[in-house]
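One structure is given below, encoded as structure tokens.
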Amino acid sequence: MAGILPVELILDILSWLPVTSLMRFRCVSKTWKFLISNPYLVKLHLEKSSRNPHILLMATQRYHKPCFVSRLCSLPYLIQNPAPSSCGRTLRCPKPYRYLFGSCNGLLSLRNSVSTNKYEEHWVCFWNPATKIFSRPSPRLRLNFDSYDPLYINFGFAYDDRRDSYKVVAMVLDWSRKQTSVWVYCMGHVRWRRTIMSSPFFLPCDNNGYSLNGTVNWIGFSSNESKLHVFSYDLNNDTCRCFSLPELDTKNYLFKSMGVLNGCLCVFLDIEKTIIAVFALKDVRDERSWSRLLSLSYETLIISHYFYHLQILGMLADRLLLAYSDWDAYNIIFTFNLKENKIERTRTYHNKFLTRIFSCNYVSSLISSI
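Here the numbering used here is used: the first residue of the sequence shown is 28, the next is one more, and so on.
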């Protein structure tokens, strides 16, 4: 085949195929294995897969029990039928890992930990569910209880395009110094590296950091201010900064959730218990680029402001896929038509153990986790 068609054309054809087919073709011969391992094909395949991302739906559990309830779904299908159980496939987490905290270019980041009376240790691994390959565990990050509070360690996962590397960022509250420590683990390295000790310390509202354009971001409160801020760690130059949310006409607002939507970092706020406003940061490195993306009233959504963890799971044209939970352990996913300003489809799930449904983007890729 290589003698009939140019290699570049063969690689272009292969880049349109699903990962499952390409993994089978690797077994045909050494030539096919060499072609499918070509870095150019890996990059080209990722570019094309990224045009049609899937949603990885996950659910947390009550009482800090081990959690890995997740399912890969097509956004267009979910918009038409908001029932995760009817589409996609369930992902089974490789043991002994219990927590998934990030998705980037087809790689998922998993975490586990152990505790003693004096310290807590955390380690991670990287998993490509499409190729069914996962990495060896990282070195352990040991945090002593006399300095660190285990309740305030938060993880994020992102791609550093300048160094072509995948990194885990751990943001830790150091009580002894009243500072925030940032630890970074680069895939394949032999140790964690503490890059920053920043003051004042930062208390996040959401555990997982959201990655966008080489940054990992959390929302929460700086210790010297009562207003919400975004803590952003830049992988490109190992720096961090805190910046505020856009100015509002009222001080009566509450944080609901955070996410990445249409390539922007988005924050969902409850304003005066009347509407949900979605603000988008178009340039994650420019806090002046905040803009209001949309506003939805609780009356229009036909839900009470007492419900919590309202989140936009995805957006397709003029339709939103949203999820929220109530105190009776009901999880509701519904489609909202922005053009007609009404709810179109709703599915309700009841599980006494599940407390929150959330999502992240996922693309099937050939990226190696080793």
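A virtual CB, placed ideally from N, CA and C, is assigned to each residue, including glycine.
Three-state class that DSSP yields for residue i in the structure shown
i, result
"residue 35", "helix"
"residue 158", "coil"
"residue 135", "strand"
"residue 363", "strand"
"residue 72", "helix"
"residue 145", "coil"
"residue 124", "coil"
"residue 399", "Since the first residue shown for the chain is 28 and the last is 397, residue 399 is missing from the structure and cannot be characterised."
"residue 103", "helix"
"residue 118", "coil"
"residue 48", "helix"
"residue 397", "coil"
"residue 387", "strand"
"residue 210", "strand"
CA nearest to the CA of residue i, picked from the options
i, options, result
"residue 47", "163, 180, 128 and 158", "158"
"residue 39", "321, 66 and 245", "66"
"residue 109", "235, 363 and 387", "363"
"residue 231", "205, 200 and 221", "200"
"residue 386", "78, 98, 42 and 72", "98"
"residue 255", "266, 263 and 279", "279"
"residue 393", "34, 37 and 42", "42"
"residue 153", "332, 76, 139 and 308", "139"
"residue 21", "286, 275, 288 and 249", "Nothing about residue 21 can be reported from this structure: the residues present for the chain run from 28 to 397 only."
"residue 188", "142, 238 and 287", "238"
"residue 227", "191, 221 and 267", "267"
"residue 314", "85, 258 and 336", "258"
"residue 286", "160, 276 and 128", "128"
"residue 170", "163, 302, 143 and 130", "143"
With 16 other Cβ atoms within 10 Å as the buried cut-off, status of residue i
i, result
"residue 92", "Because the pLDDT of residue 92 is 47, which lies under 50, any placement of that residue in the model is unreliable, and the number read from its coordinates should be weighed accordingly. Exposed, since its Cβ has fewer than 16 Cβ neighbours within 10 Å."
"residue 54", "exposed"
"residue 216", "exposed"
"residue 284", "buried"
"residue 194", "buried"
"residue 198", "buried"
"residue 106", "buried"
"residue 31", "exposed"
"residue 79", "exposed"
"residue 224", "exposed"
"residue 207", "buried"
Cβ-based neighbour list, residue i, same chain, cut-off 7 Å, excluding 5 preceding and 5 following
i, result
"residue 52", "59 and 63"
"residue 291", "307, 308 and 309"
"residue 156", "118 and 135"
"residue 345", "364, 365 and 366"
"residue 240", "311"
Spatial neighbours of residue i in its chain, beta-carbon cut-off 6 Å, leaving aside the 5 residues before and after
i, result
"residue 90", "Reliability fails at residue 90, whose pLDDT of 46 lies under 50, so the model's placement of it is uncertain and the value that follows must be treated cautiously. No residues qualify anywhere along the chain."
"residue 281", "297"
"residue 347", "339 and 363"
"residue 373", "361"
"residue 306", "273, 294, 317 and 319"
"residue 179", "200"
"residue 341", "82, 102 and 348"
"residue 243", "183, 185, 196, 236 and 260"
"residue 222", "209, 211 and 265"
"residue 174", "201 and 203"
heavy atom of the ligand ZN below 7 Å from residue i C-beta
i, result
"residue 156", "The model depicted lacks the ligand ZN and carries no ligand whatsoever."
Close beta carbons around residue i, own chain, < 8 Å, minus the five adjacent residues each side
i, result
"residue 369", "327 and 363"
"residue 219", "165, 166, 168, 197, 210, 211 and 212"
Could you pull out every unbroken beta strand (DSSP E) segment of at least 3 residues lying fully inside the region 251-327, listed in chain order?
-> 255-261, 266-271, 280-288, 291-298, 302-308 and 317-324
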